[in-house]
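Worksheet: one structure, shown below.
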Amino acid sequence: MATENKNLSEYDKNTIPNAKDFRFGIVVSEWNDTITEGLYNGAFEALIDCDVPAQQIIRWNVPGSFELIYGAKKMLQTQNVDAVIVIGCVIQGQTKHFDFVCEGVTQGIKDLNVQTDIPVIFCVLTDNNIQQSIDRSGGIHGNKGTEAAIAAIKMAYIRQQASIAHSFNQPLLSSGALQIEETPIKIEKE
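This note's numbering runs 1090 ahead of the 1-based position in the sequence shown.
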């Protein structure tokens, strides 16, 4: 288990880019709402902690995890956001439905990341039982929503820096900072 003995909510605010000017969308599944509300609260609180004004965080609800794809697509098209976080929870049952939903949502969110220029952050728990979901939505393993918010800030920053670098036709340093190359000015004597 990847999250065993690890609290997902821990981050060093000093290593997070300044997020006060970014605008974030959060699309939340209403299915398994006890879990998705916990994830949303973790994401919202982390964004606020990283200086994102509350009015720059847009929340939309959708019925289930499969609908996260369409909700995120419409948010990308209409809300002028710097990143979108999709929040859902699918718990293993006794049928193949779990496999189909998990695969479809994963591929759909991946497709949005390939097709658009705005990052979509995957915060969909795919657990074997409700206790695992509780543990990851504010329980003993922290909050995957918090982790998604930090990822959203970092990806919005990368998108911003890449856009600046492109407009100046300059490379980014490994740190993500813009590297400005000075062009020598040739002065001709008369």
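For glycine and all other residues, C-beta sits at the position ideal for the given N, C-alpha and C.
Between which two residues does the beta strand (DSSP E) holding residue 1228 run?
Against the sequence shown, residue 1228 aligns to sequence position 138. Looking at the DSSP string, the run of the beta strand (DSSP E) that includes residue 1228 is 1227 to 1229.
Let me check one thing: in DSSP terms, what residues is residue 1253 bridge-paired to?
Taking the sequence shown and counting its residues from 1, one reaches residue 1253 at position 163. Answer is none; residue 1253 lacks a bridge partner.
Helix, strand or coil for residue 1118, going by three-state DSSP, please let me know.
Within the sequence shown, residue 1118 is the residue found at index 28, counting from 1. Strand.
Of all the options 1149, 1172 and 1100, which has the alpha carbon lying nearest to the alpha carbon of residue 1252?
For the purposes of this step, residue 1252 is taken as the residue at position 162 of the sequence shown. Selected option, being the one with the closest Cα: 1172.
Going residue by residue through the segment 1171 to 1254, where are the continuous beta strand (DSSP E) segments of at least 3 residues, counting only ones entirely within it?
1173 to 1181, 1210 to 1217 and 1227 to 1229
In this structure, what does DSSP give as the bridge partners for residue 1131?
By 1-based counting over the sequence shown, the position of residue 1131 is 41. For residue 1131, DSSP assigns no beta-bridge partner whatsoever.
Under 7 Å Cβ to Cβ from residue 1181, same chain only, skipping five residues before and after it: list those, please.
Residue numbering aside, residue 1181 sits at position 91 when the sequence shown is read from its first letter. Only 1122, 1217, 1219, 1220 and 1223 meet the Cβ criterion.
With burial defined as no fewer than 16 other Cβ atoms inside 10 Å of the residue's Cβ, what is the status of residue 1108: buried or exposed?
As a first step, residue 1108 must be located in the sequence shown, where it is residue number 18. Burial call: exposed.
Do residue 1151 and residue 1120 have their C-beta atoms closer together than 9 Å?
Position 61 of the sequence shown, counting from 1, holds the residue named residue 1151. Position 30 of the sequence shown, counting from 1, holds the residue named residue 1120. Result yes, Cβ atoms of residue 1151 and residue 1120 sit closer than 9 Å.
Rounding to the nearest angstrom, what Cα-Cα distance links residue 1174 and residue 1153 in this structure?
Your numbering for residue 1174 matches position 84 in the sequence shown. Your numbering for residue 1153 matches position 63 in the sequence shown. Going from the Cα of residue 1174 to the Cα of residue 1153 covers about 17 Å.
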